[in-house]
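Residue numbers (my numbering), protein chains in the order written: chain A, 10 to 406; chain B, 3 to 263.
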């Protein structure tokens with residue numbers, strides 16, 4: 010019997026039970042659509058975040074006084090910071106690099122903000138007057154703090170979009186006063202919203218001069234050193250120089266990340282997350298497959314007599330087997346195609362709110378997986394059908 | 003219809019060869035530790051081109067005998083020869099091929115595929131014989147015309163009368179051009195008029211050279227054959243020649259199936 014003939018028989022059998030076929034397919038449709046949709050969201054979010062980071066420029070380096078990169082696997086203690094950076098460390102790096110890079114010491118610390126009766130939690134991001142070159146926010150209005158304000162430790166602050174909306178709703182914040190950890194500050198600028206990104210909400214930050222931050226936090230330490238290379242090609246060279254400058258004091262307790270590395274780590278992390286999402290959606294595909302097996306088993310016992318008739322007139326084991334396998338595969342493949350359509354359509358609609366990216370491999374994976382589900386879950390019922398004894402099958406009522 | 007040399011208990015064919023033969027066929031069913039002997043050492047020879055009836059009350063083992071000589075079932079002991087070839091030890095797939103090419107079946111309950119046209123039902127054995135679509139349609143149409151249903155090709159079984167359904171089943175049985183036609187109570191579910199029609203078709207086919215075996219409990223049906231084998235309690239108890247054979251075509255005017263030689 011030809012394959013075309015098997016297809017025709019299978020198609021006729023599916024058409025004879027339209028409602029049941031559709032419901033069986035629904036399981037596969039939902040499974041495939043879920044896989045495609047979740048992978049699309051995962052990929053879309055990753056692409057957007059990676060794009061954001063790339064937008065910062067690939068010439069940034071970040072130095073931390075801890076060994077994040079090395080083997081550090083020695084249990085939970087691996088990330089313990091034994092010694093903090095101080096301003097001298099930043100100066101040492103700056104001297105070493107000279108004109109080839111901008112070096113900005115940065116403090117990041119939690120803070121409580123208050124304006125009038127409104128209070129909120131936020132993060133301090135403090136740098137030197139050159140911080141404007143490494144911070145990513147775009148000014149909405151106002152000005153960045155000046156060299157004089159940095160040197161003098163002035164109580165001036167630029168606020169992120171979230172802070173502005175929380176503390177100064179519907180008013181121009183510039184020239185207003187607010188308190189940070191109980192100290193009075195003058196708002197001199199506010200920034201455009203950037204949207205959520207990797208290190209928390211970048212909009213929920215306040216930008217102040219480093220000297221001021223050290224004073225209100227009562228510390229001489231800094232959190233990290235940000236270095237911006239003048240030429241992107243020099244990044245690796247500069248990285249080596251930064252290490253050399255800091256090694257005498259920090260030894261191996263030192264990490265210098267390039268933007269590229271951060272990207273790689275992040276992209277890997279988000280990729281893992283996407284695979285996990287796809288795996289969860291895959292479970293629904295599995296359930297859909299079991300639905301197919303269930304229906305095929307019902308179908309086999311319902312059509313026992315038909316199988317007997319076919320065998321009596323000369324159907325071989327293989328003919329019966331292929332008829333039922335093809336039926337199951339058709340259910341899952343048609344379901345897979347409808348699911349792919351639904352998932353792709355859903356991703357298009359969702360694009361309004363979430364970045365989504367339908368990838369070819371997700372489509373191919375979902376399609377072949379669903380076909381595989383059909384074969385896998387179709388074989389057992391088909392085998393059961395094909396091994397029926399013709400006379401037993403004919404007697405079946 | 004002259005002396006064929008059919009002696010009771012013997013199947014010697016003086017003017018033809020033995021087309022189907024059972025030798026010491028025994029069938030034992032095991033049901034919850036109880037052994038049921040459906041057949042106990044049946045020997046039967048069927049001559050090519052003849053019409054034979056296997057008769058017996060229900061439970062006598064006649065249907066089991068037909069299933070075994072029709073290769074739908076295997077004997078517990080003994081052997082079956084189709085056209086001189088031993089088939090009892092063939093694989094299921096080879097048996098399927100033999101059924102497909104050499105044997106046609108007609109069942110009491112028709113056993114047509116529901117929701118499937120008469121034409122598609124008749125095409126079914128050709129599908130498994132690997133015949134191409136257009137050739138299949140041509141041969142199936144011809145087979146349906148042969149049983150007088152040339153105008154019912156696209157009707158589904160539910161749209162046909164019992165007699166018409168049985169004629170579709172006969173068309174399906176003969177479409178591959180088999181040498182042997184096995185009919186298990188072919189008139190059992192039919193009114194008497196349709197029954198006569200169906201017997202007329204079977205006699206007509208037999209007159210064209212198809213060896214025909216009818217299993218029945220009804221002496222009137224058996225009288226359409228040339229020879230009747232009586233089965234009781236799993237044994238052949240009598241093998242007789244029919245003295246006054248009934249010719250279906252002469253009993254009814256409506257059948258229009260021609261004459262028997």
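Don't be surprised by glycine CBs; every beta carbon is placed ideally from N, CA and C.
- Query: Which residues of chain A have a Cβ atom closer than 8 Å to the Cβ of residue 94 (chain B), listed in chain order?
  - Reply: The residue labelled residue 94 (chain B) in the question sits at position 92 within the second chain. Near residue 94 (chain B) (Cβ distances below 8 Å), the residues of chain A are 325, 326.
- Would you kindly report the start and end of the unbroken beta strand (DSSP E) that includes residue 232 (chain B)? Along the second chain, read from residue 1 onward, the residue named residue 232 (chain B) stands at position 230. Taken as a continuous stretch (DSSP letters only), the beta strand (DSSP E) holding residue 232 (chain B) covers 229-234.
- Residues in the stretch 53-72 of chain B with C-beta within 7 Å of chain A's C-beta atoms, listed in sequence order? Hits within the stretch, in order: 69.
- Task: Give every residue of the same chain whose Cβ lies closer than 7 Å to the Cβ of residue 213 (chain A), excluding the five residues on either side of it in the sequence, and list them in chain order.
- Result: Residue numbering aside, residue 213 (chain A) sits at position 204 when the first chain is read from its first letter. Once the five neighbours on either side are set aside, the close Cβ partners of residue 213 (chain A) are 131, 132, 169, 171, 172.
- For residue 191 (chain B), which option in B:109, B:161, B:114 has the closest C-alpha, if you only look at C-alpha atoms? Translated into the one-based positions of the second chain, residue 191 (chain B) becomes position 189. It is B:109 whose Cα lies nearest to the Cα of residue 191 (chain B).
- Message: Short of 6 Å in beta carbon distance, which residues of its chain neighbour residue 21 (chain A), apart from the five on each side in sequence? Order them along the chain.
- Response: Taking the first chain and counting its residues from 1, the one referred to as residue 21 (chain A) is at position 12. In its chain, beyond the 5 residues on either side, no residue has a beta carbon closer than 6 Å to the beta carbon of residue 21 (chain A).
- Message: Using beta carbons (cut-off 9 Å, strictly below), is residue 102 (chain B) in contact with chain A?
- Response: Position 100 of the second chain, counting from 1, holds the residue named residue 102 (chain B). Yes - at least one Cβ of chain A is within 9 Å of the one on residue 102 (chain B).
- Going straight from the alpha carbon of residue 36 (chain B) to that of residue 30 (chain B), what length do you get? Locating residue 36 (chain B) in the second chain gives position 34, where the first residue counts as 1. Locating residue 30 (chain B) in the second chain gives position 28, where the first residue counts as 1. Rounded to whole angstroms, residue 36 (chain B) and residue 30 (chain B) show a C-alpha spacing of 10 Å.
- Message: Would residue 322 (chain A) pass as an interface residue toward chain B - the criterion being a Cβ-Cβ separation below 9 Å?
- Response: Mapped onto the first chain, residue 322 (chain A) falls at position 313. True, the Cβ-Cβ gap to chain B drops below 9 Å.
- Whole-angstrom distance between residue 295 (chain A) and residue 227 (chain B), CA atom to CA atom: Taking the first residue of the second chain as 1, we reach residue 227 (chain B) at position 225. Taking the first residue of the first chain as 1, we reach residue 295 (chain A) at position 286. Spanning the two alpha carbons is a distance of roughly 59 Å.
- Item | Proximal residues of chain B, C-beta to C-beta of residue 318 (chain A) below 7 Å | What you label residue 318 (chain A) is simply residue 309 of the first chain in a count that begins at 1. Below the 7 Å Cβ cutoff, chain B contributes 113, 115 as neighbours of residue 318 (chain A), in chain order.
- What do you reckon, are the CB atoms on residue 181 (chain B) and residue 50 (chain B) nearer than 9 Å? Taking the first residue of the second chain as position 1, residue 181 (chain B) is located at position 179. Taking the first residue of the second chain as position 1, residue 50 (chain B) is located at position 48. Result yes, Cβ atoms of residue 181 (chain B) and residue 50 (chain B) sit closer than 9 Å.
- Task: Could you have a look at residue 198 (chain A) and say whether DSSP puts it in helix, strand or coil?
- Result: Position 189 of the first chain holds residue 198 (chain A). Looking at residue 198 (chain A) - three-state DSSP - the assignment turns out to be strand.
- Item | Any chain A beta carbon closer than 9 Å to residue 155 (chain B) | Looking up residue 155 (chain B) in the second chain gives position 153. It does not: the Cβ of residue 155 (chain B) has no partner Cβ on chain A nearer than 9 Å.
- Task: Give a yes or no on whether the minimum CB-CB distance between residue 41 (chain B) and chain A is below 9 Å.
- Result: Within the second chain, numbered from 1, the residue matching residue 41 (chain B) stands at position 39. Using a Cβ-Cβ cut-off of 9 Å, residue 41 (chain B) does not count as an interface residue toward chain A, since no Cβ of chain A sits closer than that to its own.
- Does DSSP put residue 73 (chain A) in a helix, in a strand, or in coil? Indexing the first chain from 1 puts residue 73 (chain A) at position 64. Note: residue 73 (chain A) maps to strand in three-state DSSP.
- Message: On the DSSP letters alone, give me the boundaries of the alpha helix (DSSP H) that residue 167 (chain B) sits inside.
- Response: Sequence index remark: in the second chain, residue 167 (chain B) carries index 165 (1-based). For residue 167 (chain B), the enclosing alpha helix (DSSP H) begins and ends at 164-176.
- Message: Quick test of the definition: if touching needs 3 or more C-beta pairs under 8 Å, does the stretch 195-203 of chain B touch the stretch 229-240 of chain B?
- Response: Contact between the stretch 195-203 of chain B and the stretch 229-240 of chain B is absent, because fewer than three Cβ pairs lie under 8 Å.
- Between the stretch 100-111 of chain A and the stretch 213-222 of chain A, do at least 3 Cβ pairs fall closer than 8 Å? No, they do not touch.
- Message: If we require 3 or more residues per run, which beta strand (DSSP E) segments fall completely within the stretch 73-108 of chain B?
- Response: The qualifying runs are 79-84, 105-108.
- Note down, in chain order, every chain B residue with its Cβ under 8 Å from the Cβ of residue 14 (chain A). Residue numbering aside, residue 14 (chain A) sits at position 5 when the first chain is read from its first letter. For a Cβ distance threshold of 8 Å, residue set 129 of chain B lies close to residue 14 (chain A), ordered along the chain.
- DSSP three-state assignment for residue 189 (chain A), whether helix, strand or coil: Taking the first chain and counting its residues from 1, the one referred to as residue 189 (chain A) is at position 180. Correct three-state label for residue 189 (chain A): strand.
- Task: Figure out for me which residue from A:310, A:191, A:320, A:143 has the closest Cα to the Cα of residue 239 (chain A).
- Result: Here residue 239 (chain A) is taken as the residue at index 230 of the first chain, counted from 1. A:143 is the residue among A:310, A:191, A:320, A:143 whose C-alpha sits nearest the C-alpha of residue 239 (chain A).
- Under 9 Å, do residue 85 (chain B) and residue 101 (chain B) count as touching if we go by C-beta distance? The residue labelled residue 85 (chain B) in the question sits at position 83 within the second chain. The residue labelled residue 101 (chain B) in the question sits at position 99 within the second chain. No, the Cβ-Cβ distance between residue 85 (chain B) and residue 101 (chain B) is not below 9 Å.
- Do we get a CB-CB distance below 9 Å when we pair residue 331 (chain A) with the residues of chain E? The chain inventory of the structure shown lacks chain E, comprising the protein chains A and B.
- Using the C-alpha atoms, what's the distance from residue 216 (chain B) back to residue 125 (chain B)? The residue given as residue 125 (chain B) occupies position 123 in the second chain. The residue given as residue 216 (chain B) occupies position 214 in the second chain. Cα to Cα, the separation comes out at about 23 Å.
- Is residue 80 (chain B) close to chain A, meaning its C-beta is less than 9 Å from at least one C-beta of that chain? Sequence index remark: in the second chain, residue 80 (chain B) carries index 78 (1-based). The beta-carbon of residue 80 (chain B) is placed no less than 9 Å from the nearest beta-carbon of chain A.
- Mind listing the chain B neighbours of residue 311 (chain A)? Cutoff is C-beta to C-beta under 7 Å, in chain order. Counting from 1 along the first chain, the entry for residue 311 (chain A) is found at position 302. Ordered by position in chain B, no residue passes the 7 Å Cβ test against residue 311 (chain A), which lies about 11 Å from the chain.
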